[in-house]
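Trainee: Take a look at this one; I'll ask things after.
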């Protein structure tokens with residue numbers, strides 16, 4: 002029977018550029034990780050993204066991802082990128098989005114302590130109350146961190162020169178068992 | 057304390073063949089997030105599937121907000137044409153998934169895993185995510201099979217204390233459908 006453990010909860014009372022969890026156990030305490038994010042950036046955008054990095058590895062070329070998204074309520078678009086210094090997740094609402102709207106994401110990181118490269122999967126949505134294209138987004142992402150190191154640190158930062166606004170929340174869960 | 061606790065399961069057997077909706081009321085605000093797992097079939101008489109809708113409510117509602125206070129985004133494929141987007145704003149029938157209708161095979165049910173994110177935070181509108189879909193023997197017939205990623209925003213910033221699931225085109229759920237509401241603790 003799988004057991005979930007709530008490892009950490011961050012609820013911002015003041016704007017912050019990033020949230021970092023360090024010293025995540027890699028000794029078999031958990032098998033898998035799941036992150037729940039509810040975020041909004043203070044940048045003047047309708048929608049954007051954050052940066053996800055593992056083990057303070059930003060600056061390399063170890064991240065790649067494939068995605069499927071809609072931004073106009075009609076067409077779905079596929080995309081991919083590789084050799085990135087970080088992953089472009091989670092999506093975020095911005096200061097131009099309707100008040101009180103926060104983007105929501107779930108990030109799945111299976112077998113995060115294995116010696117293989119680390120795949121991850123993301124469900125992410127930027128809601129809004131308008132139908133104008135590119136002011137909202139639904140996106141699923143399959144990503145890969147091409148590094149065999151066990152993940153013991155996760156950083157989620159705003160994807161520009163902004164901050165996550167107050168009341169953004171981040172939850173990290175560990176799952177043990179199958 | 058378990059991180060995930062089952063709050064309530066609704067089985068359609070308890071209501072007869074065609075209950076029109078599922079509802080949970082007086083949901084405590086003590087969890088961080090809510091999750092709903094649905095296996096369902098609706099009584100829609102045409103096509104192979106039906107849209108699954110969600111409404112929420114707070115203490116001021118009785119018990120649900122039935123006004124045009126929701127928006128939704130769908131990323132979906134019907135298994136034949138290219139994947140597509142769909143959505144709406146200021147609506148009272150926000151789509152959160154797709155279930156099987158009973159036109160194809162009585163044994164086929166659609167499913168959805170629905171996450172109601174940070175539902176008790178009164179500083180933000182509530183955003184809901186859902187992954188799911190359905191299969192029927194109608195195969196490539198339009199509106200019959202699906203794989204979907206949906207989101208819904210309820211504009212209200214009050215804590216959610218009631219949730220209802222219902223179908224868009226059918227008038228009710230078929231016997232054998234069930235849905236469980238879980239609370240995710242910290």
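Chains as they are written, first to last, in the numbering used here: chain A, 2 to 179; chain B, 57 to 242. The C-beta atom is built at its ideal place from N, Cα and C for all residues, glycine as well.
If we define contact as Cβ-Cβ less than 8 Å, is residue 143/B a contact residue for chain A?
Mentor: True, the Cβ-Cβ gap to chain A drops below 8 Å.
Trainee: Please tell me whether residue 239/B and residue 87/B are closer than 8 Å, where the distance is taken between their beta carbons.
Mentor: Yes, these two residues count as a Cβ contact at 8 Å.
Trainee: When Cβ atoms are compared, which residues of the region 110-128 of chain A fall closer than 9 Å to chain B?
Mentor: Flagged, chain order: 124, 125, 126, 127, 128.
Trainee: What does residue 173/B reach in chain A if we use C-beta pairs closer than 7 Å?
Mentor: Correct list: 37, 39, 105.
Trainee: By Cβ distance below 6 Å, which residues in the same chain neighbour residue 223/B in space, the five residues on each side in sequence not counted?
Mentor: Closer than 6 Å at the Cβ level, and outside the excluded window around residue 223/B, lie 98, 106.
Trainee: My assumption, with CB atoms under 8 Å, is that residue 116/B sits in contact with residue 161/B. Please give the rounded CB distance.
Mentor: Actually they do not touch by this definition, with Cβ atoms about 43 Å apart.
Trainee: Spell out the partners DSSP gives residue 127/A in its beta bridges.
Mentor: Paired residue(s): 138/A.
Trainee: Tell me the rounded alpha-carbon separation between residue 208/B and residue 120/B.
Mentor: If you take the alpha carbons of residue 208/B and residue 120/B, they lie about 15 Å apart.
Trainee: Return the CA-CA distance between residue 157/A and residue 134/A, expressed in angstroms with no decimal places.
Mentor: Spanning the two alpha carbons is a distance of roughly 26 Å.
Trainee: Would you tell me roughly how many angstroms separate the C-alpha atoms of residue 111/B and residue 78/A, rounded to the nearest one?
Mentor: Residue 111/B and residue 78/A: Cα-Cα distance of roughly 29 Å.
Trainee: Does DSSP classify residue 175/A as helix, strand or coil?
Mentor: Residue 175/A: strand per DSSP, three-state reduction.
Trainee: Which residues, in order along the region 142-155 of chain A, keep a beta-carbon less than 8 Å from a beta-carbon of chain B?
Mentor: Correct list: empty, as no residue qualifies.
Trainee: Provide the residue(s) that pair with residue 17/A in DSSP beta bridges, ordered along the chain.
Mentor: 165/A.
Trainee: Taking 8 Å as the cut-off, does the region 70-90 of chain A touch the region 38-56 of chain A (at least 3 CB pairs, one atom from each stretch)?
Mentor: With a cut-off of 8 Å, the region 70-90 of chain A and the region 38-56 of chain A count as touching, because enough Cβ pairs lie within range.
Trainee: Entirely within the region 201-236 of chain B and at least 3 residues each: give me those beta strand (DSSP E) ranges in chain order.
Mentor: Entirely contained in the region 201-236 of chain B, the beta strand (DSSP E) runs reaching 3 residues are, in chain order, 202-210, 218-223.
Trainee: What residues of chain B sit near residue 77/A, judged by a beta carbon separation below 9 Å?
Mentor: By Cβ distance, chain B contributes 131, 132, 133, 138, 139, 140, 141.
Trainee: Inspect the CB distances between the region 163-174 of chain A and the region 67-83 of chain A and report whether three or more fall short of 8 Å.
Mentor: No contact exists between the region 163-174 of chain A and the region 67-83 of chain A.
Trainee: Taking three-plus beta-carbon pairs below 8 Å as touching, is the region 144-154 of chain A in contact with the region 116-123 of chain A?
Mentor: Output reads yes: the region 116-123 of chain A touches the region 144-154 of chain A.
Trainee: Do you know offhand how far residue 55/A's Cα is from residue 175/A's?
Mentor: Their backbone Cα atoms lie some 16 Å apart in a straight line.
Trainee: Could you check where the beta strand (DSSP E) with residue 10/A kicks off and where it finishes?
Mentor: Note, residue 10/A: beta strand (DSSP E), 4-12.
Trainee: From the beta carbon of residue 148/B, is the nearest beta carbon of chain A less than 8 Å away?
Mentor: Taking Cβ atoms only, chain A never reaches closer than 8 Å to residue 148/B, which makes this a no.
Trainee: Can you name the residues of chain B whose CB is closer than 7 Å to the CB of residue 137/A?
Mentor: Per Cβ cutoff of 7 Å: 129.
Trainee: Tell me whether residue 186/B is buried or exposed, calling it buried when 16 or more other Cβ atoms sit within 10 Å of its Cβ.
Mentor: Under this definition residue 186/B is a buried residue.
Trainee: Put residue 90/B into one of helix, strand or coil per three-state DSSP.
Mentor: Note: residue 90/B maps to strand in three-state DSSP.
Trainee: Once you ignore the five residues that flank residue 62/A on each side, which residues in its own chain have a CB closer than 6 Å to its CB?
Mentor: Here the set comprises 84.
Trainee: Using a Cβ-Cβ cut-off of 8 Å, state whether residue 69/A counts as contacting chain B.
Mentor: Judged by the 8 Å Cβ criterion, residue 69/A is in contact with chain B.
Trainee: Could I get the ranges of all uninterrupted beta strand (DSSP E) runs contained in the region 61-123 of chain A, with 3 residues as the minimum, in chain order?
Mentor: If we require 3 residues or more, the beta strand (DSSP E) runs fully inside the region 61-123 of chain A come out as 64-71, 77-85, 92-94, 104-110.
Trainee: Go ahead and label residue 128/A buried or exposed: buried means 16 or more other beta carbons lie within 10 angstroms of its beta carbon, across all protein chains shown.
Mentor: The residue in question, residue 128/A, is buried, as its Cβ has 16 or more Cβ neighbours within 10 Å.
Trainee: To the nearest angstrom, how far is the alpha carbon of residue 29/A from that of residue 98/A?
Mentor: Roughly 41 Å separates the two Cα atoms.
Trainee: Buried or exposed, going by whether 16 or more other CB atoms sit within 10 Å of the CB of residue 101/B?
Mentor: Residue 101/B should be labelled exposed.
Trainee: Can you pull the DSSP bridge partners for residue 25/B?
Mentor: Here chain B comprises residues numbered 57 to 242, so residue 25/B is not present and cannot be evaluated.
Trainee: Going along the chain, which residues of its own chain have a beta-carbon closer than 8 Å to the beta-carbon of residue 23/A, five neighbours each way excluded?
Mentor: Correct list, in chain order: 153, 154.
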